[in-house]
Amino acid sequence: MTSILTGDIINSRKKDDDLWLSTLKNALSSFGKSPKYWQIYRGDSFQLEIENPEKAFFGALKLKSNLKRIEGIDVRIGIGIGEKKYDDANITASNGEAFVNSGFAFDNYLKKQNLAIKTPWQDIDEEINIALDLASLTIDSWTQNSAEVFNLSIENREATQKEIAKTLGITQGRVSERQKRAGFDPIMNLESRFRKLINQKITE
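According to my numbering, the sequence shown is numbered sequentially starting from 4.
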């Protein structure tokens, strides 16, 4: 069982590639090497494998918060969970249920929202997609500052608000305000719920 994230960059053609491409590559590289675990294709689309499906939503949040630090840039992501039938040295040549589900989520669910999931379990799809739809109301409205604080907060889970404030050169109170505005606590509660649900299904 694995997870595949299929995504594309929103407003990429309105911005210079230099503004977002290196950020995307750096974020993807944190999950593994290209082209085995990730690949950028058609200029502004990508595929990423996260071998532990429980971490798929965390991965999507990491990509989102990295890219939304750039003015005018956002990303659509379809998460697919399932088996991998064929494993190639290039992710775009691999296939299986997880790839099909990711493509289905991307093609069918992202017309109304920017983050969706398709799994082998219909009850999980219904619960998580409703939650993702609601969470996206906050995530899609992140400012650059909100995205920056959210990103630092998930990249350094043990860091205190004081430490994050020092990194950014702002006050602890400002960090707290930006975390609240970004919906950090409820979104991370959803991330924990996601891990629990997926783990339960995988271990059944």
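Heads up, the beta-carbon is just placed ideally off N, CA and C, and yes, glycines get one too.
Just so we're clear, the structure is a prediction, and the values are computed from it rather than from any experiment.
- Where L24 is concerned, the enclosing alpha helix (DSSP H) starts and stops at 20-32.
- The DSSP-derived three-state label of T163 is coil.
- With three or more CB-CB distances shorter than 8 Å, the region 63-80 counts as touching the region 12-19.
- Rounded to the nearest angstrom, the Cβ distance from L137 to I120 is 14 Å, too far for a contact under 8 Å.
- Remark: fewer than three beta-carbon pairs, one from each stretch, lie closer than 8 Å, so the region 95-113 and the region 178-190 are not flagged as touching.
- By the beta-carbon neighbour count (other beta carbons within 10 angstroms, threshold 16), N69 is buried.
- The criterion of a C-beta distance shorter than 8 Å is satisfied by T122 and I84.
- DSSP, reduced to helix, strand and coil, places I84 within a strand of the structure shown.
- Inter-segment contact for the region 122-133 and the region 39-49 is absent: fewer than three beta-carbon pairs are separated by less than 8 Å.
- Here R181 is buried, its C-beta having at least 16 other C-beta atoms within 10 Å.
- Counting only runs of 4+ residues, the alpha helix (DSSP H) found wholly inside the region 110-151 occupies 125-142, in chain order.
- With a beta-carbon spacing of about 6 Å, Y44 and T95 fall inside the 8 Å limit used to define contacts.
- In the structure shown, T170 adopts helical secondary structure according to DSSP, grouped into three states.
- K88 sits exposed, since fewer than 16 C-beta atoms from the chains shown fall within 10 Å of its C-beta.
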